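This report refers to the structure that appears directly beneath it.
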Amino acid sequence: MTSFFQIIADGISIGALYALVALGYTLVYGILQFINFAHSDVFALGAWASLTAAAMLGLSSAFGAQVPPFYLTLLVLLAAMVVCGAFGYAIERLAYRPLRNAPRLNVLITAIGVSLLLQNIGQLEIFRAKNQGMTVYSIPFGPFPRVMPPMIVNESITFLGVTFNTVDLIILAVAMVIMIGIEWMIFHTKIGLAMRAVSFNHRTAALMGVNVDRVVSFTFVTGAVLAGAAGFLYCLKYPQLRQTADTMWVLFGLKGFVAAVVGGIGNIRGAMLGGLCIGLIEFLGVSTISSDYRDVYVFSILIVVLLVRPNGILGKAVVEKV
Amino acid sequence: MSPRHLALLLPLALFSAVIGCKKDPQAGGAGRDTGTGDIVIGHYASMTGSEATFGQSTDNGIKLAVKEINEKGGIKGRKVKLQTEDDAGKQADAVNAVNKLIQQDKALAIIGEVASSLSKAGGQICQKEGVPMISPSSTNPDVTKIGPMISRVCFIDTYQGAIGARFVLEELKLKKGATLYDRTQAYSSGLNEGFVDAFKKRGGEIVTQQAFSGGDTSFSAQLKEIAAAKPDFIYVPAYYSAIVNIGLEAQTLGIKLPMIGGDGWVSDVLKSSRDSLNGSYFTDHYSKEEKRPEVENFVAKYKKEFGSEPDSMAALGYDAAGVLFAAMAKAPTLNGDDLAKAIADTKDFAGVTGKITLNANRDVEKRAVVQKMQNGDFVFFKAYEVEK
Numbered sequence: 229m230t231s232f233f234q235i236i237a238d239g240i241s242i243g244a245l246y247a248l249v250a251l252g253y254t255l256v257y258g259i260l261q262f263i264n265f266a267h268s269d270v271f272a273l274g275a276w277a278s279l280t281a282a283a284m285l286g287l288s289s290a291f292g293a294q295v296p297p298f299y300l301t302l303l304v305l306l307a308a309m310v311v312c313g314a315f316g317y318a319i320e321r322l323a324y325r326p327l328r329n330a331p332r333l334n335v336l337i338t339a340i341g342v343s344l345l346l347q348n349i350g351q352l353e354i355f356r357a358k359n360q361g362m363t364v365y366s367i368p369f370g371p372f373p374r375v376m377p378p379m380i381v382n383e384s385i386t387f388l389g390v391t392f393n394t395v396d397l398i399i400l401a402v403a404m405v406i407m408i409g410i411e412w413m414i415f416h417t418k419i420g421l422a423m424r425a426v427s428f429n430h431r432t433a434a435l436m437g438v439n440v441d442r443v444v445s446f447t448f449v450t451g452a453v454l455a456g457a458a459g460f461l462y463c464l465k466y467p468q469l470r471q472t473a474d475t476m477w478v479l480f481g482l483k484g485f486v487a488a489v490v491g492g493i494g495n496i497r498g499a500m501l502g503g504l505c506i507g508l509i510e511f512l513g514v515s516t517i518s519s520d521y522r523d524v525y526v527f528s529i530l531i532v533v534l535l536v537r538p539n540g541i542l543g544k545a546v547v548e549k550v
Numbered sequence: 111m112s113p114r115h116l117a118l119l120l121p122l123a124l125f126s127a128v129i130g131c132k133k134d135p136q137a138g139g140a141g142r143d144t145g146t147g148d149i150v151i152g153h154y155a156s157m158t159g160s161e162a163t164f165g166q167s168t169d170n171g172i173k174l175a176v177k178e179i180n181e182k183g184g185i186k187g188r189k190v191k192l193q194t195e196d197d198a199g200k201q202a203d204a205v206n207a208v209n210k211l212i213q214q215d216k217a218l219a220i221i222g223e224v225a226s227s228l229s230k231a232g233g234q235i236c237q238k239e240g241v242p243m244i245s246p247s248s249t250n251p252d253v254t255k256i257g258p259m260i261s262r263v264c265f266i267d268t269y270q271g272a273i274g275a276r277f278v279l280e281e282l283k284l285k286k287g288a289t290l291y292d293r294t295q296a297y298s299s300g301l302n303e304g305f306v307d308a309f310k311k312r313g314g315e316i317v318t319q320q321a322f323s324g325g326d327t328s329f330s331a332q333l334k335e336i337a338a339a340k341p342d343f344i345y346v347p348a349y350y351s352a353i354v355n356i357g358l359e360a361q362t363l364g365i366k367l368p369m370i371g372g373d374g375w376v377s378d379v380l381k382s383s384r385d386s387l388n389g390s391y392f393t394d395h396y397s398k399e400e401k402r403p404e405v406e407n408f409v410a411k412y413k414k415e416f417g418s419e420p421d422s423m424a425a426l427g428y429d430a431a432g433v434l435f436a437a438m439a440k441a442p443t444l445n446g447d448d449l450a451k452a453i454a455d456t457k458d459f460a461g462v463t464g465k466i467t468l469n470a471n472r473d474v475e476k477r478a479v480v481q482k483m484q485n486g487d488f489v490f491f492k493a494y495e496v497e498k
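Chain order of the listed sequences is A and B.
According to the working numbering, numbering within the first sequence proceeds without interruption in unit steps and concludes at 550.
According to the working numbering, numbering within the second sequence proceeds without interruption in unit steps and concludes at 498.
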């Protein structure tokens, strides 16, 4: 039996990742009232883009476990965020904007289509870079699982009887910084004001001189950039990446979505809270009951929340969405 | 002939047999071969998906065998044509792939799958349609129990698990073990069962058995349980798609126990597992470093053809095709029943992975090797001959 505080530490670390993914769902839902089901694939893209970027910079897991200098790690993170942001923009521009005024169901189906498209394109292998007979990276990513080279020194630190890994602390710190940044952006900047206005009513906002297209694009790109960062952090924690169509990505994305709903979809703080809740409950269940029902705990919470508080934990507390 | 016609014919044929007709009851695939043109053989495999290296390696092995037989002039003067279908590692797709190979491509024999659960799905159809199927590397005991059309060229799970147990007790001299297996894969639970049974029977002790399910990426909860039970080693009979994360997580948790695995470890992905799996062992079908003429020949030809080194999936694919071609050459006709009988009669076929003799269940008992992970590569450690 692991101690209660240890479970909390483990839960928070994975919860921070769920929270980052949940932020993407919540941002888009807050603005457009629709669920971007391709978000989990953008998350997978973030993880694979990190791996590809790392390999292109000459870092490869096959050749030792040296950690690259700090700025290279940041460069890889940046690359993942930029690639995902670009894809976020393209998805919105090409798939969702033409359907902005179409029935909700059409948009939903398109989202699933985009998701399948990304999953399957990710399995192609058009270009392949080899080193010493082993494929180091390929573009797109190919069907084979690969291993992320080490980007940080991952050590166990024991503090007051609770063991942390460095990677958990980094995930928590990066997630915190990003969340506070988003919160600040939405409530203290001009684009944030525009986002709130569009989420309120995009026709009225347009009449007031807000460029709705730009705001929507911006929201999508922000959500995708967050997914990119989450993807990068994910492969720090779990270095072996499965191919893009693996159900594991969809499941991870679904849990992020559950986090958004549990916290109150459309609510930024709700997404953070929901993410941490899901992470904690998952780990609590895994450590005290059995790891066989890992996913059951998460989805049971979804059902309970939907029955007891359909708007999520913070759904009612804040009237102004996004 | 469509399956519906066959379904109608079968009871009729049985009926005629019952009322004393001398002629044997005709199984579905009895008259499938036209006797002329190319001999089509089908291969269904996970060419994409999480276990894609299995499918691609196997396919390369079969391609090499097909190329060789065609260079020698084919079988009975006819060329062999290979048709490969991707099942993406999914059962529904495997069923579709086999149906397509039989109905549309008119395959006279099927090779596939690596994963036992997929062989079971595809095997049902081959049995029903009367088309012989050889599985190159499905190790679950139930696969060949589907019926007389199904056979294999690899050893079975319980046998491989027992080899693992023998190796740990005799070679490593470790007595207290923990296991960590994938409960969603027939392969993994089968190996786990075989290992645990044999290990206990030979006087070892299993302190804990932990399970995970297919898509899991985090194993820290199970690993912590294992560490708390204080074993001497961990037996991890899972597919490579889970192994790297298990190794790295164990390393981060400070668990320094040797890990023992099975042939599901075979993949280049493990070679980039940093140094977390250094000093682990796994049982395998063959090693590319063995000094047997069959192996040396095969490795050289494979390298020339594909520019990389063949893993055991490639070797088994090559052997499955080899056994099939030998049976085709021997069989009086290439119709389902005759061919299945010729395959079942295979004796002392000198394969890359050892001598292949099918027993009454159309299973093989043959030599196994143990490979060691060393400096990011698989190194041949020891071979185990069949225990009489």
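We put the CB at the ideal spot given by N, CA and C, even for glycine.
None of the values given here were measured: they were computed from a predicted structure.
Exercise. Any idea what DSSP makes of residue 398 of chain B, helix, strand or coil?
Worked result: coil
Exercise. Does any heavy atom of the ligand SAH sit closer than 7 angstroms to the C-beta of residue 314 of chain A?
Worked result: What this structure holds is no ligand at all, so the ligand SAH is not there to describe.
Exercise. Tell me the DSSP bridge mates of residue 322 of chain B?
Worked result: B:292
Exercise. Taking the Cβ atom as the reference point for each residue, do residue 266 of chain A and residue 335 of chain A lie within a distance shorter than 8 angstroms?
Worked result: no
Exercise. Is there a Cβ from chain B that is less than 8 angstroms from the Cβ of residue 355 of chain A?
Worked result: no
Exercise. Going by other Cβ atoms of all chains shown within 10 Å of its Cβ, with 16 needed for buried, is residue 495 of chain A buried or exposed?
Worked result: buried
Exercise. On the three-pair Cβ rule with 8 angstroms, is the stretch 311-321 of chain B touching the stretch 255-266 of chain B?
Worked result: no
Exercise. Is any beta-carbon of chain A found at less than 8 angstroms from that of residue 427 of chain B?
Worked result: no
Exercise. Between which two residues does the beta strand (DSSP E) harbouring residue 361 of chain B extend?
Worked result: First-last for residue 361 of chain B: 350-362, but that is the alpha helix (DSSP H), not the beta strand (DSSP E).
For this session: Would you tell me roughly how many angstroms separate the C-alpha atoms of residue 216 of chain B and residue 377 of chain A, rounded to the nearest one?
Result: 46 angstroms
For this session: Could you pull the start and end residues of the alpha helix (DSSP H) that residue 257 of chain B belongs to?
Result: Here residue 257 of chain B belongs to no alpha helix (DSSP H), and DSSP marks it neither H nor E.
Exercise. Residues of chain A with CB under 7 angstroms from residue 358 of chain B, in chain order?
Worked result: 467
Exercise. At a CB-CB cut-off below 7 angstroms, which residues of chain A make contact with residue 144 of chain B?
Worked result: None at all; the shortest Cβ gap to chain A is about 36 angstroms.
Exercise. CA-CA distance, residue 441 of chain B and residue 448 of chain B?
Worked result: 6 angstroms
Exercise. What is the rounded straight-line gap between the Cα of residue 531 of chain A and the Cα of residue 257 of chain A?
Worked result: 20 angstroms
For this session: For residue 146 of chain B, I'd like the list of residues in its chain whose CB is within less than 8 angstroms of its CB, leaving aside the five on either flank, ordered along the chain.
Result: 188
For this session: Look at the alpha carbon of residue 519 of chain A and the alpha carbon of residue 237 of chain A, and state the distance between them as a whole number of angstroms.
Result: 17 angstroms
Exercise. Under 8 angstroms between C-beta atoms, does residue 327 of chain B make it to chain A?
Worked result: yes
Exercise. Roughly how many angstroms lie between the CA atoms of residue 406 of chain A and residue 237 of chain B, to the nearest whole one?
Worked result: 58 angstroms
For this session: Would you mind working out which of B:378, B:385, B:374 sits nearest residue 359 of chain B, comparing C-alpha positions?
Result: B:385
For this session: Please list the residues of the stretch 291-319 of chain B that have a C-beta atom closer than 8 angstroms to any C-beta atom in chain C, keeping them in chain order.
Result: The structure shown contains no chain C; its protein chains are A and B.
Exercise. Going by the beta-carbon positions, is the gap between residue 428 of chain B and residue 462 of chain B smaller than 8 angstroms?
Worked result: yes
Exercise. What are the partner residues of residue 413 of chain A, as DSSP defines its beta bridges?
Worked result: Paired residues: none, contrary to the question.
Exercise. Given a threshold of 16 other Cβ atoms within 10 Å of its Cβ, counted over all protein chains shown, does residue 438 of chain B qualify as buried or as exposed?
Worked result: buried
For this session: Classify residue 320 of chain B as buried or exposed, calling it buried when 16 or more other Cβ atoms lie within 10 Å of its own Cβ.
Result: buried
Exercise. Who does residue 267 of chain A pair with in a DSSP beta bridge?
Worked result: According to DSSP, which records beta bridges pairwise, residue 267 of chain A is partnered with nothing at all.
Exercise. Cα-Cα, which of B:483, B:477, B:368 is closest to residue 272 of chain B?
Worked result: B:477
Exercise. Would residue 326 of chain A pass as a contact of residue 468 of chain A if the rule is Cβ separation under 8 angstroms?
Worked result: no
Exercise. Do residue 156 of chain B and residue 198 of chain B have their C-beta atoms closer together than 8 angstroms?
Worked result: yes
Exercise. Opposite residue 101 of chain B in the DSSP bridges: which residues?
Worked result: Any question about residue 101 of chain B goes unanswered here, given that chain B covers just 111 to 498.
Problem set entry | Span separating the alpha-carbon of residue 395 of chain A from that of residue 372 of chain B | 31 angstroms
For this session: Have a look at residue 434 of chain A and residue 424 of chain A and give me their C-alpha separation to the nearest angstrom.
Result: 12 angstroms
For this session: Report the partner residues of residue 219 of chain B according to the DSSP bridge assignment.
Result: B:151
For this session: May I ask you to report which of helix, strand or coil DSSP gives residue 383 of chain A?
Result: coil
Problem set entry | At least 3 beta-carbon pairs within less than 8 angstroms: the stretch 284-294 of chain B vs the stretch 340-351 of chain B | yes
Problem set entry | Cα-Cα separation, residue 101 of chain B to residue 304 of chain A | As shown, chain B starts at 111 and ends at 498. That puts residue 101 of chain B outside it, with no answer to give.
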